[in-house]
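Protein chains in written order, with the numbering used here: chain X, 175 to 454; chain B, 705 to 888. So the structure is just underneath, and the comments pick up after that.
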Amino acid sequence: KEDILVSAYGLSLKFDRQTGHLVQIGNESVEQQLLFYPAMAGNNSRFEFRASGAYIFRPNGTDALPLEQPATKLTTIFGPVITEIRQHINTNTMQIFRLHRDESFIELDWILGPIPIEDGIGKEYISRFTAPEIRNNGTFFTDSNGREMLQRQLNHRLTYKVNVTEPTAGNFYPVNSFAYVEDKSTRSRMTVLNDRAQGVSSLLPGSLEFMIHRRLLHDDAFGVGEALNETAYGVGLAARGSHWLGVENSRSVARFLAQRMAHSPILTFSPTTLSAEEFR
Amino acid sequence: SNVLNQFQRSQAIAQHHDAVTGTAKQHVNNDYIVRLDQGIRGCSGVFSESFNHLLSLNGSTLNQEYCAMLNISQCQTTEQNSPFIVTLYNPLAFRSSHTVRIPVTDGSYAITDHEGRLVASQMVPIAEAVLLLPGRNSNATNELIFRAEDLPPLGLRSYHVKTPEGKPGKRMLRSRPKTIQLPN
């Protein structure tokens, strides 16, 4: 009846018993959830009928919706090298929370797709991390130019007065390696590293949401002339990726981890007939 | 080298903004992928040669195979061979450690490092959603996981992996998943 607590190598994660969602890391309240924005459909005849497409992220409404099916079960795997908590949502959607020995971050391996479109609605999936105790006042940081961290402020631009008419899409920014939110008074910080270029925003207090996968059924009339509906193997595209999550206050750790993530070792394999000693 | 030129050319073409952002037409995108794949495959020989040179194998050579499908836990070499060598190249200019995941069929394995020491390893079943990924063509049902510690900067380190005869590898732990059903 109680929430599920998993501890290994000095880190602990707590999952909600009802929903299976991550709700706590150590003593910090940190939630994570997969959600989706239903895509705007339209014929592009006027601005208000502009469809969400390859170029344009245009959700129909401002709220991200929960997946139709919540997590059905959690599987735990313990061991001397890694400990995993697998969150099963349906046959083709799952998340694996992974703790590594001698590492301070939490790896979140996500597997998603094909995105269902039987209801005739395109969908744009996000992974949202929320640390409610971090009061960031709508400010978040991204490394959008791949070099320095840039401060982003909801509904605000640094060099001109902006009238944001798309409250969700108008606050998404590109991120190449990591983004963070910070509470200036307590100096507490939540950092999320991404393994590929994505879009990110902080629409709720203390949150970071990354767009991880999308499947759309309409062209947005910006030139490509077809919907972003990839049908590899006769079905929609499946995707797998990972985020590294850290709730440490250290300023330098994120850049160090980002280098490790972007330049992870190159692996090669060779069949051999030599014994270990002979090879040595 | 022709193969290097071909790879450079494929990479240069894929720097078009439509290739970077995914806003090309699907058949154009498919073409970008084919070109990159041809470039990578063409360079595998160069890769193998340079690795063998750096590993100083004293005349003997190993055919270094690069598994492009590791992201979906698929690798023909590790699934079909024992023993095999795993070599890691650390592209960072500082020492670094890395958790290695190798798709394998069921069994037990012993991993030996460059100093002849057995390395602690763990066998975990591949997640169901990965096994069901469209297009996955693999017999691997498990992943062999170990920690490659202290990789030298801009350097290589090799590990010998084999299925031990008789007793299973002493330092390999087979993780048993435990399932918790949620009330929903």
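Yeah, the Cβ is synthetic: ideal placement off N, Cα and C, and Gly gets one too.
(message) My output table needs one value for residue 722 of chain B: the three-state DSSP class, helix, strand or coil.
(response) helix
(message) One question on the structure: do residue 306 of chain X and residue 203 of chain X come within less than 7 angstroms of each other, judged by their Cβ atoms?
(response) A contact, by the Cβ cut-off of 7 angstroms.
(message) So that I know if they touch, is there some Cβ in chain B lying closer than 7 angstroms to that of residue 183 of chain X?
(response) no
(message) By the three-class DSSP mapping on this structure, what secondary structure does residue 877 of chain B have?
(response) strand
(message) I need the straight-line Cα distance from residue 805 of chain B to residue 850 of chain B, nearest angstrom please.
(response) Rounded to whole angstroms, residue 805 of chain B to residue 850 of chain B spans 7 angstroms at the Cα level.
(message) Please return the same chain residues whose Cβ sits closer than 8 angstroms to the Cβ of residue 224 of chain X, not counting the five positions on each side in sequence.
(response) 214, 216, 218, 230, 232, 394 and 395
(message) Cutting at 8 angstroms between CB atoms, please list the residues of its own chain near residue 756 of chain B, excluding the five before and the five after it.
(response) 765, 766 and 768
(message) Looking at chain D, is there any beta carbon in it that lies within less than 7 angstroms of the beta carbon of residue 444 of chain X?
(response) Given the protein chain composition of this structure (X and B), no chain D is represented.
(message) So, under 8 angstroms CB-CB, residue 294 of chain X and residue 391 of chain X are touching, yes? Tell me the CB distance rounded to an integer number of Å.
(response) Indeed they touch by this definition, with Cβ atoms about 7 angstroms apart.
(request) List the residues of chain B that residue 268 of chain X touches, going by C-beta distances under 9 angstroms, in chain order. (result) 831, 832, 833 and 834
(message) I'd like the ranges of any beta strand (DSSP E) spanning at least 3 consecutive residues and lying wholly in the region 245 to 311 of chain X.
(response) Listed in chain order, the complete beta strand (DSSP E) runs (minimum 3 residues) inside the region 245 to 311 of chain X are 247 to 251, 256 to 264, 267 to 274, 280 to 286 and 297 to 304.
(message) Distance check for residue 713 of chain B and residue 707 of chain B, CA to CA, integer angstroms please.
(response) 10 angstroms
(message) I want to see whether chain B comes within less than 7 angstroms of residue 271 of chain X, judged by CB atoms only; does it?
(response) no
(request) Could you tell me how far apart the beta carbons of residue 248 of chain X and residue 259 of chain X are, in whole angstroms, since I believe they sit closer than 8 angstroms? (result) 6 angstroms
(request) Compare the Cα-Cα distances from residue 782 of chain B to each of X/435, X/446, X/270 and X/350 and report the closest residue. (result) X/446
(message) Across the region 831 to 851 of chain B and the region 395 to 412 of chain X, are there enough close Cβ pairs to call them in contact, namely three or more that are closer than 8 angstroms?
(response) Yes: at least three Cβ pairs fall under 8 angstroms.
(request) Could you check how far apart the C-beta atoms of residue 279 of chain X and residue 418 of chain X are, in whole angstroms? I think they sit under 8 angstroms. (result) 5 angstroms
(message) Against chain B, does residue 400 of chain X count as a neighbour if the rule is that its beta carbon must be under 7 angstroms from one of theirs?
(response) Yes, residue 400 of chain X counts as interfacial toward chain B.
(message) For chain X, check one thing: does any of its Cβ atoms lie closer than 7 angstroms to the Cβ of residue 859 of chain B?
(response) no
(message) Quick check on residue 734 of chain B - is its C-beta less than 7 angstroms from some C-beta in chain X?
(response) In terms of beta-carbon proximity, residue 734 of chain B stays away from the interface with chain X, with every pair separated by 7 angstroms or more.
(message) Check for me: the beta strand (DSSP E) holding residue 199 of chain X runs from which residue to which?
(response) Taken as a continuous stretch (DSSP letters only), the beta strand (DSSP E) holding residue 199 of chain X covers 196 to 199.
(message) Quick check on residue 172 of chain X - is its C-beta less than 7 angstroms from some C-beta in chain B?
(response) Beyond the ends of chain X as shown, which are 175 and 454, falls residue 172 of chain X; an answer cannot be given.
(request) Spatial neighbours of residue 819 of chain B within its chain, please: CB distance less than 8 angstroms, with the 5 preceding and 5 following residues excluded, ordered by chain position. (result) none
(message) Would you say residue 820 of chain B lies against chain X (beta-carbon separation less than 7 angstroms)?
(response) yes
(message) Give me the subset of the region 237 to 267 of chain X whose CB atoms are less than 8 angstroms from a CB atom of chain B, sorted by chain position.
(response) 244, 245, 246, 247, 248, 249, 250, 251, 252, 253, 254, 255, 256, 258, 260, 262, 265, 266 and 267
(message) For the alpha helix (DSSP H) containing residue 736 of chain B, name the first residue and the last one.
(response) Taken as a continuous stretch (DSSP letters only), the alpha helix (DSSP H) holding residue 736 of chain B covers 730 to 759.
(request) Starting from the C-beta of residue 185 of chain X, find all residues in its chain whose C-beta is less than 6 angstroms away, skip the five residues before and the five after it, and write them out in chain order. (result) Residues of the same chain with a CB within less than 6 angstroms of the CB of residue 185 of chain X, apart from the 5 flanking positions on each side, are 273 in chain order.
(request) Compile a chain-ordered list of the residues in the region 403 to 421 of chain X whose CB is closer than 7 angstroms to at least one CB of chain B. (result) 404, 406, 407, 409, 412 and 414
(message) Using a 10 Å radius around the Cβ and a threshold of 16 neighbouring Cβ atoms, would you call residue 386 of chain X buried or exposed?
(response) buried
(message) Run through chain B and tell me which residues come within less than 9 angstroms of residue 276 of chain X, C-beta to C-beta.
(response) 801, 851 and 853
(request) Look up residue 315 of chain X in the DSSP assignment and give the residues it is bridged to. (result) Paired residues: X/325 and X/354.
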